[in-house]
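The sequence shown begins at 1 in the UniProt record's numbering and counts up by one. Even glycine gets a Cβ: it sits at the ideal position worked out from N, Cα and C.
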Amino acid sequence: MNTPRLPVISGHVAVKAFTKAGWKVRRQTASHIIMKKEGFSVSLSVPLHTEVKRGTLRDLITDSGMTVEDFINRI
(Lines of atoms letter the chains of each structure in order from A and count residues from 1; the text may use other names and numbers.)
(Lines give C-alpha, C1' and ligand atoms only; values in the text may rest on other atoms or scores of the structure.)
Protein backbone atom coordinates (compact mmCIF):
# COMPACT_ATOMS: atom_id res chain seq x y z
CA MET A 1 0.00 0.00 0.00
CA ASN A 2 1.44 3.36 -1.00
CA THR A 3 1.33 6.32 1.32
CA PRO A 4 0.10 9.56 -0.21
CA ARG A 5 2.67 12.13 -1.24
CA LEU A 6 3.14 14.83 1.35
CA PRO A 7 2.26 18.34 0.23
CA VAL A 8 4.75 21.17 0.58
CA ILE A 9 3.47 23.24 3.52
CA SER A 10 4.78 25.95 5.81
CA GLY A 11 5.77 25.43 9.41
CA HIS A 12 2.73 27.41 10.57
CA VAL A 13 0.37 25.04 8.73
CA ALA A 14 2.17 22.05 10.26
CA VAL A 15 1.81 23.53 13.77
CA LYS A 16 -1.94 24.00 13.19
CA ALA A 17 -2.30 20.38 12.03
CA PHE A 18 -0.41 19.02 15.05
CA THR A 19 -2.50 21.26 17.34
CA LYS A 20 -5.67 19.70 15.90
CA ALA A 21 -4.20 16.31 16.86
CA GLY A 22 -3.80 17.36 20.50
CA TRP A 23 -0.20 18.65 20.51
CA LYS A 24 0.40 21.86 22.46
CA VAL A 25 2.92 24.60 21.80
CA ARG A 26 5.32 24.75 24.75
CA ARG A 27 7.80 27.36 23.58
CA GLN A 28 9.55 28.86 20.61
CA THR A 29 13.31 28.53 20.25
CA ALA A 30 14.66 30.71 17.44
CA SER A 31 12.85 29.55 14.28
CA HIS A 32 11.39 26.36 15.77
CA ILE A 33 8.18 25.67 17.71
CA ILE A 34 8.54 23.02 20.41
CA MET A 35 5.36 20.97 20.92
CA LYS A 36 4.44 18.39 23.58
CA LYS A 37 1.53 16.00 24.06
CA GLU A 38 0.48 14.27 27.23
CA GLY A 39 1.40 10.60 27.17
CA PHE A 40 4.29 11.07 24.74
CA SER A 41 7.92 11.18 25.86
CA VAL A 42 9.03 12.93 22.67
CA SER A 43 8.80 16.60 21.74
CA LEU A 44 8.21 17.85 18.24
CA SER A 45 10.49 20.60 16.97
CA VAL A 46 8.63 22.14 14.04
CA PRO A 47 10.69 24.53 11.89
CA LEU A 48 8.88 27.77 11.06
CA HIS A 49 10.12 27.82 7.49
CA THR A 50 8.13 28.90 4.46
CA GLU A 51 8.44 25.33 3.17
CA VAL A 52 9.14 22.39 5.48
CA LYS A 53 11.09 19.67 3.68
CA ARG A 54 9.09 16.51 3.05
CA GLY A 55 11.58 14.27 4.88
CA THR A 56 11.48 16.50 7.95
CA LEU A 57 7.68 16.58 7.85
CA ARG A 58 7.48 12.79 7.49
CA ASP A 59 9.78 12.34 10.52
CA LEU A 60 7.64 14.74 12.58
CA ILE A 61 4.48 12.84 11.61
CA THR A 62 6.08 9.51 12.58
CA ASP A 63 7.27 10.92 15.92
CA SER A 64 3.76 12.24 16.62
CA GLY A 65 2.25 8.77 16.24
CA MET A 66 0.04 9.81 13.33
CA THR A 67 -0.13 8.39 9.85
CA VAL A 68 0.43 10.53 6.77
CA GLU A 69 -3.27 10.19 5.93
CA ASP A 70 -4.29 11.43 9.40
CA PHE A 71 -1.97 14.40 9.07
CA ILE A 72 -3.21 15.34 5.59
CA ASN A 73 -6.81 15.23 6.84
CA ARG A 74 -5.91 17.75 9.56
CA ILE A 75 -4.34 20.29 7.20
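Taking all protein chains in view, the Cβ of Ser64 is crowded by 16 or more other Cβ atoms within 10 Å, so the residue is classified as buried. Residues of the same chain with a CB within less than 6 angstroms of the CB of Thr3, apart from the 5 flanking positions on each side, are Val68 in chain order.
By the Cβ neighbour-count rule, Ala30 is exposed, with fewer than 16 other Cβ atoms within 10 Å of its own. In the DSSP assignment, Lys37 falls outside any alpha helix (DSSP H), carrying neither H nor E. For the 8 angstroms CB-CB criterion, Met35 and Lys20 do not form a contact. The beta carbons of Val15 and Val52 sit no closer together than 8 angstroms.
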